[in-house]
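Heads up: take any position in the sequence shown, counting from 1, add 9, and you land on the numbering used here. Where a beta carbon is used, it is the ideal one built from N, C-alpha and C, also for glycine. Since the structure comes first, as structure tokens, the remarks are kept for the end.
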Amino acid sequence: MANPLAPFLARRIVRNTLITLVTLVVLYTVFGFFILPRIVISQAHDFAAQKLHRTLTIDKVDFNPYTLRATIHGFKLMEAQDAGTFASFDTLTVKLSWGSLFRLAPIVQQVQLQKPEVHLARVDAHHYNFDQLAAELAGPPKPPEKDAKPAQFSVYNIEIDDGRIEFDDKPKGAKHVISEFKLGLPFISSLPSQEEVFVEPLLAAKINGAPFRLAGKALPYAETREATLDVNLDDIDLAHYLEYLPFEPQFKLPSARLDVHLRASFKQPKDHAPALLLSGDAALKSLQVTEPGGKPVLTLPELAVKLGKSDIFDQRIDIAHVALTGLTLDLVKEHDGRLNLQRLLDTSKGGAGKEETAAPPEKKAAASSGPGLQLAIDKFTIQGAGLHYQDEAKTTQAALDKFDLTVHQTRVDLGKRTVAIAAIDSNSADTMLGLGKHAPAADASDKAKP
Numbered sequence: 010m011a012n013p014l015a016p017f018l019a020r021r022i023v024r025n026t027l028i029t030l031v032t033l034v035v036l037y038t039v040f041g042f043f044i045l046p047r048i049v050i051s052q053a054h055d056f057a058a059q060k061l062h063r064t065l066t067i068d069k070v071d072f073n074p075y076t077l078r079a080t081i082h083g084f085k086l087m088e089a090q091d092a093g094t095f096a097s098f099d100t101l102t103v104k105l106s107w108g109s110l111f112r113l114a115p116i117v118q119q120v121q122l123q124k125p126e127v128h129l130a131r132v133d134a135h136h137y138n139f140d141q142l143a144a145e146l147a148g149p150p151k152p153p154e155k156d157a158k159p160a161q162f163s164v165y166n167i168e169i170d171d172g173r174i175e176f177d178d179k180p181k182g183a184k185h186v187i188s189e190f191k192l193g194l195p196f197i198s199s200l201p202s203q204e205e206v207f208v209e210p211l212l213a214a215k216i217n218g219a220p221f222r223l224a225g226k227a228l229p230y231a232e233t234r235e236a237t238l239d240v241n242l243d244d245i246d247l248a249h250y251l252e253y254l255p256f257e258p259q260f261k262l263p264s265a266r267l268d269v270h271l272r273a274s275f276k277q278p279k280d281h282a283p284a285l286l287l288s289g290d291a292a293l294k295s296l297q298v299t300e301p302g303g304k305p306v307l308t309l310p311e312l313a314v315k316l317g318k319s320d321i322f323d324q325r326i327d328i329a330h331v332a333l334t335g336l337t338l339d340l341v342k343e344h345d346g347r348l349n350l351q352r353l354l355d356t357s358k359g360g361a362g363k364e365e366t367a368a369p370p371e372k373k374a375a376a377s378s379g380p381g382l383q384l385a386i387d388k389f390t391i392q393g394a395g396l397h398y399q400d401e402a403k404t405t406q407a408a409l410d411k412f413d414l415t416v417h418q419t420r421v422d423l424g425k426r427t428v429a430i431a432a433i434d435s436n437s438a439d440t441m442l443g444l445g446k447h448a449p450a451a452d453a454s455d456k457a458k459p
């Protein structure tokens, strides 16, 4: 016999279900449009005050819970003691993809940053107005997690428009300005996603009034969506920038020049993870490193590196050839047992560096359990190198001159902590080993061949 109350109960269940759904939709709408923006502003203010010890103001935050588009208006972060504006922007718009919920990883369809401004200052020889800020953000080192995996994410269509960076070099009494800064990146990703890409690679600005522009080329009709960006920089004087290090270097750099010719290719194969491929070459020339008093330590006429197709997102670096020509290295083991290179590379004496505490063995093992960078060097050559060694405590000297070396097929896996080398060749080496403070000159006829 049919239950006479069945239709009534069914209608009641449907009605209660509809009421519940409508209530949830209303709550979701109210929370997304009105409550969440207030929470974001409040949390941002608290973070800046408690963690950064700076004042932060935000005019408004908009969030659409149905399109997942958020916009921050009128962001301004002040200097310490509110001495001025450190960083600001007009608007920052971020549009999330609903695929983030199903992939359990952030997928951002679009990022737009309008009129960002940053005010940097070098207050003395090796200190900047952001030193305290950088230290607060870095925080104490965290122990590595066991079986840690690379973060999974996708960020598409990144645009920065009309940016400005002001650098006040107070020790030199000079100001430098990068204005009208524009940046376009098609994507940065570590997982497959088929979001629409409409931004082409671009880097443009005016540097102290002089225009600078790097524009990429898109291949919209290719089966694999692809865009390329070429970077060509010649004869950069690295020695000029030594004084801008955030610590006092314990060495001098009389000469160092750099050439860079790279091509960045953004690729998104169908149903595969996006890729950022780097190819090209770079050369470090006329490198000279000396003691603070001028005593030579390292001389390198040229270090040339030719890249294969390296996939940055996949943590794979392929190098076709590394060539060191004319390297001369003077190593000294000092009375305290340290090498002179250790002293020259010590940043703690400049007041910014801190001695690193060695990690416990179990933590080091945990760090090596996850995937890591894979480096492949097809050919590594040293031509005409010289190595001079002196032990001040034992008054021992040794030298290796006119040394040629070739290393074939080197493979390094930082995740597994393994190194594999196919072969090592050396066709000549003039060697000298002397006991005493002054060793005699090497006879050119004395050669050691491996």
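If we count the other Cβ atoms within 10 Å of its Cβ and call it buried at 16 or more, is D339 buried or exposed? Sequence index remark: in the sequence shown, residue 339 carries index 330 (1-based). The residue is buried, with at least 16 neighbouring Cβ atoms inside 10 Å.
Length of the line joining the Cα atoms of S76 and A248: Start at 1 with the first residue of the sequence shown, and residue 76 comes out as number 67. Start at 1 with the first residue of the sequence shown, and residue 248 comes out as number 239. Contrary to the premise, residue 76 reads as Thr rather than Ser in this sequence. Each residue's CA atom was taken as its position, placing T76 and A248 some 50 Å apart.
For a test of the three-state rule: what should DSSP assign to K276, helix, strand or coil? Within the sequence shown, numbered from 1, the residue matching residue 276 stands at position 267. In the structure shown, K276 sits in a strand (DSSP, three-state: E or B).
CA-to-CA distance, F221 to E175, given in whole angstroms: As a position in the sequence shown, residue 175 is number 166, starting the count at 1. As a position in the sequence shown, residue 221 is number 212, starting the count at 1. Going by C-alpha positions, E175 is about 16 Å away from F221.
Does the separation of the CB atoms of F275 and P195 fall below 7 Å? Taking the first residue of the sequence shown as 1, we reach residue 275 at position 266. Taking the first residue of the sequence shown as 1, we reach residue 195 at position 186. Yes.
Residues bridged to H136 [DSSP beta-bridge criterion]: On the sequence shown, position 127 is the one that residue 136 refers to. Its beta-bridge partners are D133.
Residue range of the beta strand (DSSP E) that includes F207: The residue you call residue 207 lines up with position 198 of the sequence shown. Premise fails: F207 is in no beta strand (DSSP E) and is neither H nor E.
For H249, which three-state DSSP category applies? As a working note, residue 249 is residue 240 in the sequence shown. Three-state DSSP puts H249 in a helix.
Going straight from the alpha carbon of I116 to that of E126, what length do you get? On the sequence shown, position 107 is the one that residue 116 refers to. On the sequence shown, position 117 is the one that residue 126 refers to. Looking at the two C-alpha atoms, the distance is approximately 27 Å.
So which of L296, G302, L293, L86 has the shortest CA-CA distance to F260? Within the sequence shown, numbered from 1, the residue matching residue 260 stands at position 251. Per the Cα distances, G302.
Quick one: is Y253 buried, meaning 16 or more other Cβ sit within 10 Å of its Cβ, or exposed? In the sequence shown, the residue the question calls residue 253 occupies position 244. Exposed, because fewer than 16 other Cβ atoms sit within 10 Å of the Cβ of Y253.
Close-in-space but distant-in-sequence residues of the same chain around L286 (CB under 7 Å, 5 per side omitted): Residue numbering aside, residue 286 sits at position 277 when the sequence shown is read from its first letter. So the qualifying residues of the chain are S274, K276, K318, S319, D320.
Would you report the Cα separation of T337 and K304, rounded to the nearest angstrom? Here residue 337 is taken as the residue at index 328 of the sequence shown, counted from 1. Here residue 304 is taken as the residue at index 295 of the sequence shown, counted from 1. Whole-angstrom Cα-Cα distance: 13 Å.
Measure the alpha-carbon distance for L271 versus V314 and round it to whole angstroms. To locate residue 271, count along the sequence shown from 1; it is residue 262. To locate residue 314, count along the sequence shown from 1; it is residue 305. When rounded, the distance between both Cα atoms is 11 Å.
Cutting at 6 Å between CB atoms, please list the residues of its own chain near A265, excluding the five before and the five after it. Position 256 of the sequence shown holds residue 265. Within the same chain, A265 has close Cβ partners L247, A248, L296.
Endpoints, alpha helix (DSSP H) assigned at G108: Here residue 108 is taken as the residue at index 99 of the sequence shown, counted from 1. Its alpha helix (DSSP H) spans residues 108-112.
Once DSSP output is grouped into helix, strand and coil, what is the label at F221? As a working note, residue 221 is residue 212 in the sequence shown. In the three-state reduction of the DSSP assignment, F221 falls in the strand class.
Tell me the rounded alpha-carbon separation between D71 and L36. Numbered from 1 along the sequence shown, position 62 holds the residue referred to as residue 71. Numbered from 1 along the sequence shown, position 27 holds the residue referred to as residue 36. Distance between the alpha carbons of D71 and L36 is about 17 Å.
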